[in-house]
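Student: Pasting a structure here, questions to come.
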Amino acid sequence: MHPVRIWDLPTRVFHWLLALSVFGLIVTGTLGGSWMNWHMRLGYAVLALLLFRLVWGLIGGHWSRFASFLYGPGALMRYLRGQSPADHSAGHSPLGALSVFALLFILLAQVGTGLISDDEIATFGPLVRFVSGETVAAATGYHKEVGKLLILGLVVLHIAAIVVYRLVKRQALTRAMLTGDKQLPAPVPASRDTLGTRLLALSVLLASGAVVWWLVRLGQVTY
1 MHPVRIWDLP
11 TRVFHWLLAL
21 SVFGLIVTGT
31 LGGSWMNWHM
41 RLGYAVLALL
51 LFRLVWGLIG
61 GHWSRFASFL
71 YGPGALMRYL
81 RGQSPADHSA
91 GHSPLGALSV
101 FALLFILLAQ
111 VGTGLISDDE
121 IATFGPLVRF
131 VSGETVAAAT
141 GYHKEVGKLL
151 ILGLVVLHIA
161 AIVVYRLVKR
171 QALTRAMLTG
181 DKQLPAPVPA
191 SRDTLGTRLL
201 ALSVLLASGA
211 VVWWLVRLGQ
221 VTY
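If you count the sequence shown from 1, position 156 lands on 156 in the UniProt record's numbering, and the numbers rise without skipping.
Okay, structure coming up:
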């Protein structure tokens, strides 16, 4: 077996921060009331994390880049038949890749609609004033009903996949996301995970946070 650095530190930190933030969003959104202030803050945090991941998917470690887990229908079918090459078990598998892209897309839709949602009580998104009332109503309906259910469904599927891999395939997916390394039967390219790449990731995260701060401030500026 060959120990290989698969997940660089920035990807691991992103993963756990996103998981905690999404959990917090579900809890605060369900509680409502004064918890909605924290719900909005966590939404801003998730948006910053997603912007970071989009950039890191282009310049991050080898297995964190989108190019490493862009699969066609043929690759997915071979994986489902158990005929995938060994390197498909290193990073995201074809099925796992679908889950990642679906989660990123649905979370972006959820925080995007949150920016222009209004519960008509005391909480509204910072960009509400830039869109029509019909758009606000549609965004609010999606955010509170459809988007929430989609996220809950994906979270359940994600947890179920972890359990299946642990019990059936004897693979501890969470361990690799904690340590960054996997024990693989054949050597594969390792992800670069140096002080330089970590500082680069920090600068990308700070820039992503600055973009979110600008968006929020944009909705608060009066003319």
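Glycine is no exception: its CB is placed at the ideal position from the N, C-alpha and C atoms.
Tell me which residues share the same chain as VAL131 and place their Cβ nearer than 8 Å to its Cβ, disregarding the 5 neighbours each side in the sequence.
Tutor: In the sequence shown, counting from the first residue as 1, residue 131 sits at position 131. Once the five neighbours on either side are set aside, the close Cβ partners of VAL131 are ILE116 and ALA139.
Student: Considering only their Cβ atoms, is the gap separating ALA48 from VAL212 smaller than 8 Å?
Tutor: By one-based count along the sequence shown, residue 212 stands at place 212. By one-based count along the sequence shown, residue 48 stands at place 48. Contact: yes.
Student: Considering only the beta carbon of each residue, do VAL146 and TRP56 sit closer than 8 Å?
Tutor: Stepping through the sequence shown from its first residue, residue 146 is reached at position 146. Stepping through the sequence shown from its first residue, residue 56 is reached at position 56. No; because the gap between Cβ atoms is not below 8 Å, this pair is not in contact.
Student: Closest to GLY33 by CA distance: which of PHE124, TRP7, HIS62 and PHE66 is it?
Tutor: The residue you call residue 33 lines up with position 33 of the sequence shown. For the residues PHE124, TRP7, HIS62 and PHE66, the minimum Cα distance to GLY33 belongs to PHE124.
Student: The beta strand (DSSP E) spanning PRO3 covers which residue range?
Tutor: One-based indexing of the sequence shown puts residue 3 at position 3. It spans 2-5 - the beta strand (DSSP E) in which PRO3 sits, taken as one unbroken run.
Student: Within 8 Å, do at least three Cβ pairs link the segment 87-99 to the segment 56-74?
Tutor: The answer is yes - the segment 87-99 touches the segment 56-74, with three or more Cβ pairs under 8 Å.
Student: Just to check my reading of the structure: ILE6 and ASP181 have Cβ atoms closer than 8 Å, yes? What is that Cβ distance to the nearest angstrom?
Tutor: Start at 1 with the first residue of the sequence shown, and residue 6 comes out as number 6. Start at 1 with the first residue of the sequence shown, and residue 181 comes out as number 181. Indeed they touch by this definition, with Cβ atoms about 7 Å apart.
Student: Could you check the C-alpha separation between LEU195 and GLU134 for me, to the nearest Å?
Tutor: Position 195 of the sequence shown holds residue 195. Position 134 of the sequence shown holds residue 134. When rounded, the distance between both Cα atoms is 48 Å.
Student: Run the CB neighbour count on PHE14, radius 10 Å, all protein chains shown included, and call it buried at 16 or more, exposed below.
Tutor: In the sequence shown, the residue the question calls residue 14 occupies position 14. The residue is buried, with at least 16 neighbouring Cβ atoms inside 10 Å.
Student: The alpha helix (DSSP H) spanning LEU107 covers which residue range?
Tutor: Numbered from 1 along the sequence shown, position 107 holds the residue referred to as residue 107. Here the alpha helix (DSSP H) through LEU107 covers 94-114.
Student: Exposed or buried, which one is ALA19 when buried takes at least 16 other CB atoms within 10 Å?
Tutor: Working through the sequence shown from its first residue, we reach residue 19 at position 19. Under this definition ALA19 is an exposed residue.
Student: So what's LEU127 in DSSP terms, helix, strand or just coil?
Tutor: Looking up residue 127 in the sequence shown gives position 127. Note: LEU127 maps to coil in three-state DSSP.
Student: Taking DSSP's pairing of strands, which residues face ASP118 in a bridge?
Tutor: As a working note, residue 118 is residue 118 in the sequence shown. DSSP output for ASP118 lists PHE124 as bridge partner(s).
Student: So LEU25 and HIS39 are supposed to be a Cβ contact under 8 Å. How far apart are they, rounded?
Tutor: By 1-based counting over the sequence shown, the position of residue 25 is 25. By 1-based counting over the sequence shown, the position of residue 39 is 39. Yes, they are in contact, since the Cβ atoms of LEU25 and HIS39 sit about 6 Å apart, within 8 Å.
Student: So VAL111 packs on VAL46, CB below 8 Å; how close in whole Å?
Tutor: Taking the first residue of the sequence shown as 1, we reach residue 111 at position 111. Taking the first residue of the sequence shown as 1, we reach residue 46 at position 46. That belief holds up - the Cβ atoms of VAL111 and VAL46 are roughly 5 Å apart, short of 8 Å.
Student: Pick out the complete beta strand (DSSP E) segments inside the segment 54-91, 3 residues or longer, and give them in chain order.
Tutor: Qualifying beta strand (DSSP E) stretches: none in this window.
Student: Expressed to the nearest angstrom, what Euclidean distance is found between the alpha-carbon atoms of ARG175 and ARG12?
Tutor: Locating residue 175 in the sequence shown gives position 175, counting from the first residue. Locating residue 12 in the sequence shown gives position 12, counting from the first residue. Answer to the nearest angstrom: the Cα atoms are 11 Å apart.
Student: Count the other CB atoms within 10 Å of the CB of ALA90; is the residue buried (16 or more) or exposed (fewer)?
Tutor: Indexing the sequence shown from 1 puts residue 90 at position 90. It counts as buried.
Student: Which residue from PHE52, ILE121, SER64 and VAL164 puts its Cα closest to that of ALA207?
Tutor: In the sequence shown, counting from the first residue as 1, residue 207 sits at position 207. Ranking PHE52, ILE121, SER64 and VAL164 by Cα distance to ALA207 puts PHE52 first.
Student: Give a yes or no on whether the C-beta atoms belonging to GLY74 and ASP193 are separated by under 8 Å.
Tutor: What you label residue 74 is simply residue 74 of the sequence shown in a count that begins at 1. What you label residue 193 is simply residue 193 of the sequence shown in a count that begins at 1. No, the Cβ-Cβ distance between GLY74 and ASP193 is not below 8 Å.
Student: Start and end of the alpha helix (DSSP H) containing GLN171?
Tutor: As a first step, residue 171 is located in the sequence shown; it is residue number 171 there, counting from the start. Unbroken run through GLN171: none, as it is neither H nor E.
Student: Apart from the five residues on each side of it in sequence, which residues of its chain come closer than 7 Å, Cβ to Cβ, to LEU150?
Tutor: Working through the sequence shown from its first residue, we reach residue 150 at position 150. Excluding positions up to five away in sequence, the list reads ILE106.
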